[in-house]
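Counting the sequence shown from 1 gives a position; this note's numbering is that position plus 12.
What follows is a short report on a single structure.
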Amino acid sequence: MSYMKDWFTEDEDDIFMGSPKSKFFDIARTASSEVVEDEIDKIIEKFAILELVMTKEKGEDFDFEQFFKQYAFENTDEVNNMKKGLYMEFTGEIICRLDS
């Protein structure tokens, strides 16, 4: 059905009446601060692991900020799609915790 847009790549304002980013922050603002803090801690932990792995691979003097900026510049669409997916994943994690 070529006339239907892919729900993942359609306009930011169309997905669930807002972007994945805006929905994440809507949910995060209304959820228990304990749940949100725990989920953000998990995100920070993943980022820390990525930096540790890259440091072991690239060395202590590796410039993470420059690498991230360059990669984002060279792969803008791919990075934006991944961000949308991650916002949706993290939103889902918070919502699942609200039920328990």
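Glycine residues also receive a C-beta, built at the ideal position from the N, C-alpha and C atoms.
Being a predicted model, the structure only gives us computed values, none of them experimental.
Check                                                                                            : Outcome
Integer Cβ distance of residue 106 from residue 47, believed to fall under 8 angstroms           : 6 angstroms
Secondary structure of residue 85, DSSP reduced to three states                                  : helix
Opening and closing residue of the alpha helix (DSSP H) in which residue 72 lies                 : Neither: residue 72 is in no alpha helix (DSSP H) and is coded neither H nor E.
Collapsed DSSP secondary structure at residue 40 in the structure displayed                      : helix
Meets three-Cβ-pair contact criterion under 8 angstroms: the segment 71-79 and the segment 87-99 : no
8 angstroms CB neighbourhood of residue 110 in its chain, flanking five on each side removed     : 43, 44 and 47
8 angstroms Cβ shell around residue 83 - same chain, five flanking residues per side excluded    : 91
Exposure of residue 103, with buried meaning 16 or more beta-carbon neighbours within 10 Å       : buried
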